[in-house]
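*Asks:* If you scroll down you'll find the structure; I have some questions about it.
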Amino acid sequence: MAPAILLVGTLFGVSLIYGLAQSLGLLTGTDQRTLSMAAYQNVLSGSEGVGTEFWPSLGFSLWIAGVSTLLSAAGALPVAVWLNHQSGRGRQMDTLALNWNLAFPHLVWAIGLLLFFSQSGLLARLAALLGWIQNPADFPVLVRDRLGMGIIVDYVTKEIPFLALIVLAALRSQPEDYGVVATNLGATPWQRLCYVTLPQILPSLISGSLLVFAFVFSAYEVPAVLGMPYPRMLPVLALDFFANPDLHHRAEGMAISLIIAAVVMVVAAISLRYEKRAGYSQ
Amino acid sequence: MKRITPFLLLLTILLSACSAIAGKANPSPASFDINDWDSVVAAAKGQTVNWYLWGGSESINSFVDTFYGKALKDRYGITLHRVPVADTVDAVNQVLSEKQAGKDPGAVDLIWINGANFLSLKQANLLYPDWANKLPNSQLVNWDNPAINRDFGTPVDNLESPWSSAQFQFIYDSARLSPAELPRSYAQLKEWVIEHPGRFTYIAPGPGAFQGTRFVKGALFEISGGADQWSTFDQATWDQWSPELWKYLNELKPYLWRNGETYPKDENELHSLFANQEVDFSITQAAVGAGALIEQGLVPATSKAFVFDQYMIGDFNYVAIPANAPNKAAALVLANLILDPALQAAQILPENGFGLGYGIDINRVTDPAALAKLQDAAKKLGDAATSPADLAKSLAGDSDAQYQNLVETGWRQNVLVSSK
Amino acid sequence: MKALPTYIIRFLLYGVLAAPLLLFGLYAFSEHWFFPAFLPKDWTTAPFTRIVMDPQTGNSLAASLGIAILSSLLSLLVGFPAARTLGLRNFRGRQVAWLIFFLPTVVPPLAVGMGLNILFLRLGLAGTLFGVVLSHLVPTIPYTIFTLAGVFASYDENFEHQAWVLGATRLRIFFNITLRLILPGLVVAGLFAFLISWSQYLLTLLIGSGQVLTLPLLLFSAISGGNPTSIAALALLFVLPPVLVIAASARYLNQHGNTVREQH
Numbered sequence: 000m001a002p003a004i005l006l007v008g009t010l011f012g013v014s015l016i017y018g019l020a021q022s023l024g025l026l027t028g029t030d031q032r033t034l035s036m037a038a039y040q041n042v043l044s045g046s047e048g049v050g051t052e053f054w055p056s057l058g059f060s061l062w063i064a065g066v067s068t069l070l071s072a073a074g075a076l077p078v079a080v081w082l083n084h085q086s087g088r089g090r091q092m093d094t095l096a097l098n099w100n101l102a103f104p105h106l107v108w109a110i111g112l113l114l115f116f117s118q119s120g121l122l123a124r125l126a127a128l129l130g131w132i133q134n135p136a137d138f139p140v141l142v143r144d145r146l147g148m149g150i151i152v153d154y155v156t157k158e159i160p161f162l163a164l165i166v167l168a169a170l171r172s173q174p175e176d177y178g179v180v181a182t183n184l185g186a187t188p189w190q191r192l193c194y195v196t197l198p199q200i201l202p203s204l205i206s207g208s209l210l211v212f213a214f215v216f217s218a219y220e221v222p223a224v225l226g227m228p229y230p231r232m233l234p235v236l237a238l239d240f241f242a243n244p245d246l247h248h249r250a251e252g253m254a255i256s257l258i259i260a261a262v263v264m265v266v267a268a269i270s271l272r273y274e275k276r277a278g279y280s281q
Numbered sequence: 000m001k002r003i004t005p006f007l008l009l010l011t012i013l014l015s016a017c018s019a020i021a022g023k024a025n026p027s028p029a030s031f032d033i034n035d036w037d038s039v040v041a042a043a044k045g046q047t048v049n050w051y052l053w054g055g056s057e058s059i060n061s062f063v064d065t066f067y068g069k070a071l072k073d074r075y076g077i078t079l080h081r082v083p084v085a086d087t088v089d090a091v092n093q094v095l096s097e098k099q100a101g102k103d104p105g106a107v108d109l110i111w112i113n114g115a116n117f118l119s120l121k122q123a124n125l126l127y128p129d130w131a132n133k134l135p136n137s138q139l140v141n142w143d144n145p146a147i148n149r150d151f152g153t154p155v156d157n158l159e160s161p162w163s164s165a166q167f168q169f170i171y172d173s174a175r176l177s178p179a180e181l182p183r184s185y186a187q188l189k190e191w192v193i194e195h196p197g198r199f200t201y202i203a204p205g206p207g208a209f210q211g212t213r214f215v216k217g218a219l220f221e222i223s224g225g226a227d228q229w230s231t232f233d234q235a236t237w238d239q240w241s242p243e244l245w246k247y248l249n250e251l252k253p254y255l256w257r258n259g260e261t262y263p264k265d266e267n268e269l270h271s272l273f274a275n276q277e278v279d280f281s282i283t284q285a286a287v288g289a290g291a292l293i294e295q296g297l298v299p300a301t302s303k304a305f306v307f308d309q310y311m312i313g314d315f316n317y318v319a320i321p322a323n324a325p326n327k328a329a330a331l332v333l334a335n336l337i338l339d340p341a342l343q344a345a346q347i348l349p350e351n352g353f354g355l356g357y358g359i360d361i362n363r364v365t366d367p368a369a370l371a372k373l374q375d376a377a378k379k380l381g382d383a384a385t386s387p388a389d390l391a392k393s394l395a396g397d398s399d400a401q402y403q404n405l406v407e408t409g410w411r412q413n414v415l416v417s418s419k
Numbered sequence: 000m001k002a003l004p005t006y007i008i009r010f011l012l013y014g015v016l017a018a019p020l021l022l023f024g025l026y027a028f029s030e031h032w033f034f035p036a037f038l039p040k041d042w043t044t045a046p047f048t049r050i051v052m053d054p055q056t057g058n059s060l061a062a063s064l065g066i067a068i069l070s071s072l073l074s075l076l077v078g079f080p081a082a083r084t085l086g087l088r089n090f091r092g093r094q095v096a097w098l099i100f101f102l103p104t105v106v107p108p109l110a111v112g113m114g115l116n117i118l119f120l121r122l123g124l125a126g127t128l129f130g131v132v133l134s135h136l137v138p139t140i141p142y143t144i145f146t147l148a149g150v151f152a153s154y155d156e157n158f159e160h161q162a163w164v165l166g167a168t169r170l171r172i173f174f175n176i177t178l179r180l181i182l183p184g185l186v187v188a189g190l191f192a193f194l195i196s197w198s199q200y201l202l203t204l205l206i207g208s209g210q211v212l213t214l215p216l217l218l219f220s221a222i223s224g225g226n227p228t229s230i231a232a233l234a235l236l237f238v239l240p241p242v243l244v245i246a247a248s249a250r251y252l253n254q255h256g257n258t259v260r261e262q263h
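Those protein sequence lines, which keep their order, are chains A, B and C. Position 168 of the first sequence, counting from 1, maps to 167 under numbering that gives the first Met the number 0, and the rest follow consecutively. Position 372 of the second sequence, counting from 1, maps to 371 under numbering that gives the first Met the number 0, and the rest follow consecutively. Position 222 of the third sequence, counting from 1, maps to 221 under numbering that gives the first Met the number 0, and the rest follow consecutively.
Laid out in structure tokens, this is it:
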């Protein structure tokens with residue numbers, strides 16, 4: 000126990016402390032020797048630079064994370080319920096396929112979507128081949144778009160397998176009998192789903208969905224590849240300011256990153272409550 | 000607790016093994032005297048030079064490895080370690096972070112650099128001083144040329160040594176457009192864009208996308224009626240003309256690709272839009288025009304470069320050595336090698352994949368064989384390049400480096416984000 | 000018996016798996032493939048071979064593999080005893096320990112990497128393979144522990160006691176009983192750690208100082224280069240190991256009945 004706690008706790012704790020210090024203007028290579036909330040002020044209410052972008056970015060991040068999470072949860076349910084009814088080798092293969100989907104790094108997934116869905120991507124070429132469009136501009140903008148649809152598609156296709164596997168685990172840990180009893184009492188399959196199955200898996204689904212939300216909200220690679228110059232998701236904004244050669248911007252980047260971390264921790268805490276309700280499933 | 004002891008033991012052994020591998024000793028910095036070139040070469044022998052440069056172009060990477068890597072090894076016994084960065088600002092940051100952490104020697108020996116990145120490091124006093132004029136090949140460089148001794152208006156002060164030259168140009172596809180249809184000024188460009196909605200865009204100005212910044216600066220020069228007033232910084236001039244600039248760009252905006260709601264973030268994204276017929280023009284900086292891009296398969300073979308009649312910004316790019324570079328001698332040797340006439344001749348040929356212009360002044364080359372090589376290479380630029388006469392006629396120097404940030408942040412706020 | 004939904008879901012499930020590989024294949028083995036050509040005209044293996052043969056690709060593949068393998072081995076080594084305690088014992092501070100492991104699985108590598116950046120520079124760990132491995136351990140150890148703790152939660156220690164009573168040595172008990180019972184979980188936990196480390200971009204970028212080049216870094220650099228052929232070739236190279244690793248451990252994945260957890 001001790002080495003693991005020591006290693007993880009120290010590295011993680013120190014990274015937060017150093018991060019906090021930098022966001023307060025210390026250790027950023029400037030001459031500042033006192034604590035200052037300037038970075039947070041610039042981020043939250045600055046009239047130029049980072050201040051003009053933070054709130055739109057926050058809104059955009061919440062939008063992307065919210066929609067991705069809802070769609071993933073909605074998509075994961077039928078997949079899990081369906082998979083639960085499969086049996087034998089087919090089911091094993093399907094479960095493996097879900098795992099495989101998860102093993103694709105997000106970065107690669109994003110590149111694939113870009114090559115496939117862009118206005119001159121494979122899909123647009125197919126449309127041109129069929130004579131539906133003449134120019135790339137005739138093809139709808141599906142990636143690197145204002146609404147972040149490309150980013151959402153990336154996350155949804157990757158998170159459905161993740162949530163499906165979580166829900167599947169919850170389904171399998173439930174006794175079959177309730178369903179049988181309900182059927183014997185004359186419940187339709189639809190009623191059975193709504194009143195028996197759903198309540199059983201809801202805590203796991205919510206807990207998993209919140210983890211998805213936290214992940215989407217704080218991940219960098221996908222919006223970096225599939226995003227637009229404006230609005231940008233918060234992690235992209237944070238790294239951009241952190242990596243700015245003007246050292247004064249470092250604190251601002253660090254402040255945004257800590258704000259992201261704080262949001263994520265709150266979401267994770269709520270997720271934990273639901274997970275407790277779902278039973279110890281780690 | 001007893002149970003974990005063996006694990007702890009194993010862990011310790013593993014960790015120390017790792018650090019033994021990781022900490023393979025930095026070569027002790029052999030001493031040299033910059034005024035005695037032989038001592039530099041002697042000190043550099045056996046060193047590894049860590050060259051941080053933008054790694055996005057496979058052909059530039061392979062040019063560097065093939066031409067410099069081999070020559071360094073064969074002639075000087077130096078190993079080239081090319082460190083590709085997604086953006087030069089990453090290398091600058093590395094040096095800045097090292098300063099924050101008080102790390103000396105650091106990790107970076109040489110950076111391909113110019114403009115705002117040079118200014119950052121110069122202002123922070125993080126560059127190795129007084130060396131560029133001490134290189135033997137420095138005599139081939141025309142240091143009297145203001146385009147060379149000033150980098151975006153910032154005095155070079157021997158803190159960096161030139162590598163190559165570049166000039167802003169457009170690319171069109173001769174299979175799609177005829178030369179007569181091409182716009183020749185920003186005013187004509189606006190007419191063209193309005194007649195062909197959705198067929199033009201430019202690169203979003205910003206760090207790492209200076210071609211976009213340059214496009215916008217060119218417009219600023221034309222609107223304000225001249226480039227010269229921008230070579231020194233003056234806030235009042237900026238305040239006077241920048242609203243006109245935003246007005247021009249916002250007038251273009253609704254007719255741009257995707258109605259100007261987004262812009263390609265770098266040159267390569269624009270090349271790809273151009274190659275896939277999403278837009279009709281791309282942008283390049285290369286002496287060979289579209290030549291190197293055709294070689295790389297990034298644009299159609301019928302692509303050609305062209306320029307407006309005026310305000311096509313040209314400049315030089317450089318290499319600089321951080322003050323905390325661990326292998327300064329090797330970095331000096333490499334910076335000198337870059338100016339070697341034979342390698343300068345190699346760098347402009349489209350088939351070698353680099354494609355930027357000369358950093359040296361070929362009139363200063365006395366060796367007849369080397370001179371012939373350079374002249375010969377200049378003739379082989381191919382018909383995808385702009386003619387040297389047109390390039391020279393349209394050439395404008397870049398503005399003071401302080402405008403860079405104003406243009407970039409101003410553009411974000413007044414053009415990109417603004418819903419005007 | 001097979002209903003339509005089954006076909007649809009299966010089609011999506013496997014289609015989503017195969018499509019990117021096919022797409023990368025098209026781009027990786029062709030040149031000058033522009034809109035509106037639906038299929039490439041110039042098929043060639045030249046760029047692919049050039050990229051795969053490039054020493055830099057080889058080096059970063061080796062670095063990626065080395066870092067991922069080292070990270071997962073270290074995670075197992077450090078995580079095993081912790082997971083055993085966490086899964087089998089109830090002790091004071093269990094909640095706290097659990098929280099310490101839980102937080103790094105949700106707090107993004109962005110925050111961790113940016114925080115560790117300066118510290119590691121000061122310690123001389125930045126830009127070293129060791130420093131990068133150390134930073135990867137922050138997310139990999141907790142995932143390993145949680146996976147293994149789940150396994151230990153249903154682990155029956157009585158087997159060990161019986162062997163002990165029957166006179167088996169500690170070492171024998173460990174290898175013949177503990178390890179055998181726990182093996183599927185161990186494989187799966189190692190697999191998670193491998194995948195997390197393998198796809199890690201930010202921590203490597205922020206800690207590696209450009210000195211430690213892994214495939215994701217090369218891939219990002221290629222994306223900025225915009226040549227679809229190189230991007231696709233590197234992407235293929237990048238997905239291959241995870242695909243192979245999952246295939247090789249398919250048996251254990253099914254036995255373990257767990258999921259590949261979210262990789263940051």
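Even for Gly, the Cβ is constructed at its ideal location relative to N, Cα and C. Everything numeric in this text was worked out from a predicted model, so none of it was measured.
Going by CA-CA distance only, name the one from A:P77, A:R171, A:V195 that's closest to T182 (chain A).
*Replies:* For this step, residue 182 (chain A) is matched to residue 183 along the first sequence. Of the candidates A:P77, A:R171, A:V195, the one whose C-alpha sits nearest the C-alpha of T182 (chain A) is A:V195.
*Asks:* Would you check if there are 3 or more beta carbon pairs closer than 8 Å linking the region 211–222 of chain A to the region 259–275 of chain A?
*Replies:* At 8 Å Cβ cutoff, the stretches touch.
*Asks:* Determine the chain A residues that contact T261 (chain B) at a beta-carbon separation under 7 Å, and present them in chain order.
*Replies:* Numbered from 1 along the second sequence, position 262 holds the residue referred to as residue 261 (chain B). Result: R143, M227, P228.
*Asks:* Could you pull the DSSP bridge partners for T153 (chain B) from this structure?
*Replies:* Residue mapping note: residue 153 (chain B) aligns to position 154 of the second sequence, counting from 1. The partner list for T153 (chain B) (beta bridge, DSSP) reads B:D150.
*Asks:* Once DSSP output is grouped into helix, strand and coil, what is the label at H195 (chain B)?
*Replies:* Indexing the second sequence from 1 puts residue 195 (chain B) at position 196. It is coil, neither helix nor strand.
*Asks:* Interface residues of chain C around Q295 (chain B) at Cβ under 8 Å?
*Replies:* In the second sequence, the residue the question calls residue 295 (chain B) occupies position 296. Going along chain C in sequence order, the residues near Q295 (chain B) (Cβ under 8 Å) are N226.
*Asks:* Taking the alpha helix (DSSP H) that K246 (chain B) belongs to, which residues open and close that run?
*Replies:* Numbered from its first residue, the second sequence carries residue 246 (chain B) at position 247. K246 (chain B) -> alpha helix (DSSP H) spans 234–251.
*Asks:* Confirm, please, whether the CB-CB distance from A82 (chain C) to L279 (chain C) is below 7 Å.
*Replies:* Past the boundaries of the shown model lies residue 279 (chain C); chain C is included only from 0 to 263, so the question cannot be answered.
*Asks:* Going by the beta-carbon positions, is the gap between F232 (chain B) and D397 (chain B) smaller than 7 Å?
*Replies:* Residue mapping note: residue 232 (chain B) aligns to position 233 of the second sequence, counting from 1. Residue mapping note: residue 397 (chain B) aligns to position 398 of the second sequence, counting from 1. Cβ atoms of F232 (chain B) and D397 (chain B): not closer than 7 Å.
*Asks:* Beta carbons nearer than 8 Å to chain C: which residues of the region 85–102 of chain B have them?
*Replies:* Hits within the stretch, in order: A85, D86, D89, A90, Q93, S96, E97, Q99, A100, G101, K102.
*Asks:* For H135 (chain C), count neighbouring C-beta atoms within 10 Å of its own C-beta (all shown protein chains included) and say buried if the count is 16 or more, exposed if not.
*Replies:* Indexing the third sequence from 1 puts residue 135 (chain C) at position 136. With 16 or more other Cβ atoms within 10 Å, it is buried.
*Asks:* Going by C-alpha distance, which of B:I359, B:L71, B:R149, B:A330 is nearest L338 (chain B)?
*Replies:* The count along the second sequence starts at 1 and reaches residue 338 (chain B) at position 339. Considering only alpha carbons, the answer is B:I359.
*Asks:* Report, in whole angstroms, the separation of the C-beta atoms of V215 (chain B) and L248 (chain B), which I expect to be a contact under 8 Å.
*Replies:* Within the second sequence, numbered from 1, the residue matching residue 215 (chain B) stands at position 216. Within the second sequence, numbered from 1, the residue matching residue 248 (chain B) stands at position 249. That belief holds up - the Cβ atoms of V215 (chain B) and L248 (chain B) are roughly 7 Å apart, short of 8 Å.
*Asks:* Taking 7 Å as the cut-off, decide whether the C-beta atoms of N258 (chain B) and F34 (chain C) are in contact.
*Replies:* Here residue 258 (chain B) corresponds to residue number 259 of the second sequence, with the count starting at 1. Here residue 34 (chain C) corresponds to residue number 35 of the third sequence, with the count starting at 1. No, these two residues do not count as a Cβ contact at 7 Å.
*Asks:* Quick check: what's the CA-CA separation for E180 (chain B) versus W240 (chain B)?
*Replies:* For this step, residue 180 (chain B) is matched to residue 181 along the second sequence. For this step, residue 240 (chain B) is matched to residue 241 along the second sequence. One C-alpha to the other measures close to 29 Å.
*Asks:* Can you confirm whether Q281 (chain A), when its beta carbon is compared against all beta carbons of chain B, has any partner nearer than 7 Å?
*Replies:* Here the question's residue 281 (chain A) lines up with position 282 in the first sequence. Here the model assigns Q281 (chain A) a pLDDT of 38, short of 50, so the residue's position is not dependable, and the following value carries that caveat. Not closer than 7 Å to any Cβ of chain B, the Cβ of Q281 (chain A) fails to qualify, so no.
*Asks:* Please report whether the beta-carbon of E261 (chain C) lies at a distance below 7 Å from any beta-carbon of chain A.
*Replies:* Position 262 of the third sequence, counted from the start, is the residue given in the question as residue 261 (chain C). Summary for E261 (chain C): the model assigns pLDDT 44, below 50, so the residue's position carries little reliability, and this model does not support an answer.
*Asks:* On the DSSP letters alone, give me the boundaries of the alpha helix (DSSP H) that K378 (chain B) sits inside.
*Replies:* Along the second sequence, one-based indexing puts residue 378 (chain B) at 379. Unbroken alpha helix (DSSP H) run through K378 (chain B): 367–378.
*Asks:* Could you give the DSSP three-state label for R74 (chain B): helix, strand or coil?
*Replies:* Here residue 74 (chain B) refers to the residue found at position 75 of the second sequence. If DSSP states are grouped into helix, strand and coil, R74 (chain B) belongs with the helices.
*Asks:* Assess contact between the region 99–110 of chain A and the region 10–19 of chain C, defined as three or more Cβ pairs (one per stretch) separated by less than 8 Å. Is contact present?
*Replies:* Yes, the region 99–110 of chain A is in contact with the region 10–19 of chain C.
*Asks:* By how many angstroms is the C-alpha of L164 (chain A) removed from the C-alpha of V155 (chain A)?
*Replies:* Here residue 155 (chain A) refers to the residue found at position 156 of the first sequence. Here residue 164 (chain A) refers to the residue found at position 165 of the first sequence. Using only the alpha carbons, I get a separation of about 14 Å.
*Asks:* Work out the CA separation of P108 (chain C) and Y154 (chain C) for me, nearest whole Å.
*Replies:* Within the third sequence, numbered from 1, the residue matching residue 154 (chain C) stands at position 155. Within the third sequence, numbered from 1, the residue matching residue 108 (chain C) stands at position 109. Spanning the two alpha carbons is a distance of roughly 32 Å.
*Asks:* Can you tell me where the beta strand (DSSP E) with M311 (chain B) in it begins and where it stops?
*Replies:* As a position in the second sequence, residue 311 (chain B) is number 312, starting the count at 1. 311–319 is the span of the beta strand (DSSP E), which, as asked, contains M311 (chain B).
*Asks:* Kindly indicate which residue of B:L342, B:L126, B:N144 has the alpha-carbon position closest to the one of L426 (chain B).
*Replies:* Only positions 0 to 419 of chain B appear in this structure, which leaves residue 426 (chain B) out of reach.
*Asks:* So, is the C-beta of P135 (chain A) closer than 7 Å to a C-beta in chain B?
*Replies:* As a first step, residue 135 (chain A) is located in the first sequence; it is residue number 136 there, counting from the start. It does; some Cβ of chain B falls within 7 Å.
*Asks:* With DSSP as the reference, label T47 (chain B) as helix, strand or coil.
*Replies:* Locating residue 47 (chain B) in the second sequence gives position 48, where the first residue counts as 1. Three-state DSSP puts T47 (chain B) in a strand.
*Asks:* Just checking, does the region 168–175 of chain C make contact with the region 137–152 of chain C on the three C-beta pairs under 8 Å criterion?
*Replies:* Touching, no.
*Asks:* Taking only the alpha-carbon atoms, compute the straight-line gap between T283 (chain B) and A377 (chain B) and give it to the nearest angstrom.
*Replies:* In the second sequence, the residue the question calls residue 283 (chain B) occupies position 284. In the second sequence, the residue the question calls residue 377 (chain B) occupies position 378. Cα to Cα, T283 (chain B) sits roughly 18 Å from A377 (chain B).
*Asks:* Across which residues does DSSP place I110 (chain B) in a beta bridge pair?
*Replies:* Here residue 110 (chain B) is taken as the residue at index 111 of the second sequence, counted from 1. Looking at the DSSP assignment, I110 (chain B) forms a beta bridge with B:Y51, B:A319.
*Asks:* Could you check what DSSP says for F169 (chain B) in three-state terms: helix, strand or coil?
*Replies:* Working through the second sequence from its first residue, we reach residue 169 (chain B) at position 170. DSSP places F169 (chain B) in strand when its eight states are reduced to three.
*Asks:* Would you tell me roughly how many angstroms separate the C-alpha atoms of P77 (chain A) and G114 (chain C), rounded to the nearest one?
*Replies:* As a working note, residue 77 (chain A) is residue 78 in the first sequence. As a working note, residue 114 (chain C) is residue 115 in the third sequence. Answer to the nearest angstrom: the Cα atoms are 41 Å apart.
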